[in-house]
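A.B. asks: Dropping a structure here in structure tokens format, bear with me for questions.
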């Protein structure tokens, strides 16, 4: 870092920081300066065993970790290939588009699969031909059980810690399935910082794969990488969260995710007399049906609740934060617009204070 950059940072960090967004912005700025895009030999990445494959051609710029699958998914001695994208939806789109280009396939999924994923499947007309199973962990019907054989299976692993999939993926591979794990790393893998946008696609091949299947799967892998390059969504090193491939951090993050899920269950148990409140299967958030289904009215209600809470909760989309987040959410099961309550990695005191606030101001009153 040169003298000008150091002065710049001294000024930045002397500023009063009043919001989470400002903290994240500073982190991203620092990251871009510390890790220039064109520097392949940055010491940080050498120490952390990162390698880069690119010759200034977009589809050659995929990042590869050494031992990524072993470290992140805790799966060893498996044939796999991972590519990284600039977000989870980019990974999903590239995989589905690649599949749509090599033949006729019907993607089967639950009705409460993430809405953007459903839009992609429908837009690509993946509704006839050989069956592909799409498991989305955001669905209330997802569970770690499947007796499917000889199929292409896509799993969006975003809503669980990566280690939770070891037995599930291993079982699917033993049944000679081609498993494609897609993931957004922003939600649960970055301590709630939203440090950078990053998605990944990991292809798992079974030892039982025959030659015909292998040739078909190679086309999917190649097309996925090629499409990602063509539309410019393959990740660069500035997308990387520094500890993403660190085993100690991954294990620590497991405890954090379990605490978040415990907090959501605890909140539900203290309010389960409210029949309009639903705790979803992944335990990352709850939804509350109110007296209105008008989305703008709900947004206004959520903003008012957040402001009046005096810092107990914030109006913020998504989940997995280190604070309590409220936003609006269309629940495919109830077919209603709802208020989403995402209890994050917060202390017992903060959680109990919010429970009191909820009972006094929200429970049965909106």
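In the working numbering, the protein residues as written are 68 to 433.
Each residue gets a CB set at the ideal place from its N, CA and C atoms; glycine is no exception.
State the DSSP-derived secondary structure class of residue 423, mapped to helix, strand or coil.
C.D. replies: As a working mapping, residue 423 is identified with position 356 in the chain shown. It is helical.
A.B. asks: Using a threshold of 8 Å, state whether the C-beta atoms of residue 390 and residue 382 are closer than that.
C.D. replies: By one-based count along the chain shown, residue 390 stands at place 323. By one-based count along the chain shown, residue 382 stands at place 315. No. Outside cutoff.
A.B. asks: Taking a contact to mean a Cβ-Cβ separation below 8 Å, would you say residue 220 touches residue 244 in this structure?
C.D. replies: The residue given as residue 220 occupies position 153 in the chain shown. The residue given as residue 244 occupies position 177 in the chain shown. Closer than 8 Å, so yes.
A.B. asks: State the Cα-Cα distance for the pair residue 212 and residue 419, rounded to the nearest angstrom.
C.D. replies: Reading the chain shown from its first residue, position 145 is the one you call residue 212. Reading the chain shown from its first residue, position 352 is the one you call residue 419. Taking the straight line from one Cα to the other gives about 35 Å.
A.B. asks: DSSP state of residue 288, grouped into three classes?
C.D. replies: Here residue 288 refers to the residue found at position 221 of the chain shown. Helix.
A.B. asks: Based on the DSSP secondary-structure assignment, which residues constitute the bridge partners of residue 403?
C.D. replies: Indexing the chain shown from 1 puts residue 403 at position 336. For residue 403, which the question treats as bridged, DSSP gives the partners 398.
A.B. asks: Taking 8 Å as the cut-off, decide whether the C-beta atoms of residue 318 and residue 350 are in contact.
C.D. replies: Numbered from its first residue, the chain shown carries residue 318 at position 251. Numbered from its first residue, the chain shown carries residue 350 at position 283. Cβ atoms of residue 318 and residue 350: not closer than 8 Å.
A.B. asks: How do the stretch 279-288 and the stretch 406-416 stand: do at least 3 beta-carbon pairs fall below 8 Å, yes or no?
C.D. replies: These segments do not touch.
A.B. asks: Just to confirm, are residue 406 and residue 365 a CB contact at a threshold of 8 Å?
C.D. replies: Position 339 of the chain shown, counted from the first residue, corresponds to residue 406. Position 298 of the chain shown, counted from the first residue, corresponds to residue 365. Yes, they are a contact pair.
A.B. asks: By how many angstroms is the C-alpha of residue 180 removed from the C-alpha of residue 203?
C.D. replies: The residue you call residue 203 lines up with position 136 of the chain shown. The residue you call residue 180 lines up with position 113 of the chain shown. Distance between the alpha carbons of residue 203 and residue 180 is about 6 Å.
A.B. asks: So is residue 252 buried or exposed if we call it buried at 16+ other beta carbons inside 10 Å?
C.D. replies: Working through the chain shown from its first residue, we reach residue 252 at position 185. Result: buried.
A.B. asks: Does the distance from the C-beta atom of residue 222 to that of residue 199 stay below 8 Å?
C.D. replies: By one-based count along the chain shown, residue 222 stands at place 155. By one-based count along the chain shown, residue 199 stands at place 132. Going by C-beta atoms, residue 222 is not nearer than 8 Å to residue 199.
A.B. asks: With the cut-off set at 8 Å, would you say residue 178 and residue 399 are in Cβ contact?
C.D. replies: Taking the chain shown and counting its residues from 1, one reaches residue 178 at position 111. Taking the chain shown and counting its residues from 1, one reaches residue 399 at position 332. A contact, by the Cβ cut-off of 8 Å.
A.B. asks: Between the Cα of residue 292 and the Cα atoms of 322, 373, 164, which residue gives the shortest distance?
C.D. replies: Taking the first residue of the chain shown as position 1, residue 292 is located at position 225. The candidate whose alpha carbon is nearest that of residue 292 is 164.
A.B. asks: Just to confirm, is the Cβ distance from residue 272 to residue 195 under 8 Å?
C.D. replies: Along the chain shown, one-based indexing puts residue 272 at 205. Along the chain shown, one-based indexing puts residue 195 at 128. It is not a contact, given that the beta carbons lie outside the stated cut-off.
A.B. asks: What first and last residue would you give for the beta strand (DSSP E) that runs through residue 263?
C.D. replies: Numbered from 1 along the chain shown, position 196 holds the residue referred to as residue 263. Careful: residue 263 lies outside any beta strand (DSSP E) and carries neither H nor E.
A.B. asks: Taking only the alpha-carbon atoms, compute the straight-line gap between residue 225 and residue 424 and give it to the nearest angstrom.
C.D. replies: For the purposes of this step, residue 225 is taken as the residue at position 158 of the chain shown. For the purposes of this step, residue 424 is taken as the residue at position 357 of the chain shown. Those two C-alpha atoms are separated by around 30 Å.
A.B. asks: Mind pulling the beta strand (DSSP E) runs of 3 or more residues that sit fully within the stretch 269-347?
C.D. replies: Entirely contained in the stretch 269-347, the beta strand (DSSP E) runs reaching 3 residues are, in chain order, 344-346.
A.B. asks: Should residue 279 go down as buried or exposed, given a rule of 16 or more other Cβ atoms within 10 Å for buried?
C.D. replies: On the chain shown, position 212 is the one that residue 279 refers to. The residue is exposed, with fewer than 16 neighbouring Cβ atoms inside 10 Å.
A.B. asks: Could you compute how far the alpha carbon of residue 429 sits from the alpha carbon of residue 323?
C.D. replies: By one-based count along the chain shown, residue 429 stands at place 362. By one-based count along the chain shown, residue 323 stands at place 256. Answer to the nearest angstrom: the Cα atoms are 27 Å apart.
A.B. asks: Would the beta-carbon of residue 422 fall within 8 Å of that of residue 337?
C.D. replies: Start at 1 with the first residue of the chain shown, and residue 422 comes out as number 355. Start at 1 with the first residue of the chain shown, and residue 337 comes out as number 270. Against a cut-off of 8 Å, the Cβ pair of residue 337 and residue 422 comes out as a contact.
A.B. asks: Relative to the C-alpha of residue 255, which candidate in 320, 209, 235 has its C-alpha closest?
C.D. replies: Position 188 of the chain shown holds residue 255. Comparing Cα-Cα distances from residue 255 to each of 320, 209, 235, the minimum goes to 320.
A.B. asks: Using the Cβ count rule (16 or more neighbours within 10 Å means buried), how would you classify residue 170?
C.D. replies: Numbered from 1 along the chain shown, position 103 holds the residue referred to as residue 170. Exposed, by the Cβ-count rule.
A.B. asks: For residue 315, count neighbouring Cβ atoms within 10 angstroms of its own Cβ and tell me buried if that reaches 16, exposed if not.
C.D. replies: Taking the chain shown and counting its residues from 1, the one referred to as residue 315 is at position 248. Burial call: exposed.
A.B. asks: The beta strand (DSSP E) with residue 203 in it runs from where to where?
C.D. replies: Numbered from 1 along the chain shown, position 136 holds the residue referred to as residue 203. 197-203 is the span of the beta strand (DSSP E), which, as asked, contains residue 203.
A.B. asks: Taking only the alpha-carbon atoms, compute the straight-line gap between residue 410 and residue 238 and give it to the nearest angstrom.
C.D. replies: Your numbering for residue 410 matches position 343 in the chain shown. Your numbering for residue 238 matches position 171 in the chain shown. The alpha-carbon atoms of residue 410 and residue 238 are separated by roughly 32 Å.
A.B. asks: In the DSSP output, what is residue 373 paired with across the bridge?
C.D. replies: As a working note, residue 373 is residue 306 in the chain shown. None, per the DSSP bridge assignment.
A.B. asks: What three-state label does DSSP hand residue 223 in the structure shown?
C.D. replies: What you label residue 223 is simply residue 156 of the chain shown in a count that begins at 1. In this structure, residue 223 counts as strand in the three-state DSSP scheme.
A.B. asks: Using CA atoms only, rank isn't needed, just tell me which of 401, 136, 377 is closest to residue 250.
C.D. replies: The residue given as residue 250 occupies position 183 in the chain shown. The candidate whose alpha carbon is nearest that of residue 250 is 136.
A.B. asks: Answer with buried or exposed for residue 384, where buried requires no fewer than 16 other C-beta atoms within 10 angstroms of its C-beta.
C.D. replies: As a working mapping, residue 384 is identified with position 317 in the chain shown. That one is exposed.
A.B. asks: Rounded to whole angstroms, what is the Cα-Cα separation between residue 267 and residue 152?
C.D. replies: Locating residue 267 in the chain shown gives position 200, counting from the first residue. Locating residue 152 in the chain shown gives position 85, counting from the first residue. Straight-line Cα distance between these residues: approximately 6 Å.
A.B. asks: Which of the three DSSP states, helix, strand or coil, is assigned to residue 246?
C.D. replies: To locate residue 246, count along the chain shown from 1; it is residue 179. Here residue 246 sits in strand by DSSP.
A.B. asks: Would you please state the rounded distance, in angstroms, between the beta carbons of residue 426 and residue 360? I believe it to be under 8 Å.
C.D. replies: The residue you call residue 426 lines up with position 359 of the chain shown. The residue you call residue 360 lines up with position 293 of the chain shown. At roughly 23 Å, the Cβ-Cβ gap does not stay under 8 Å, so residue 426 and residue 360 are not in contact.
A.B. asks: Going by DSSP, what residues sit across from residue 151 in a beta bridge?
C.D. replies: Within the chain shown, numbered from 1, the residue matching residue 151 stands at position 84. Residue 151 is bridged to 267.
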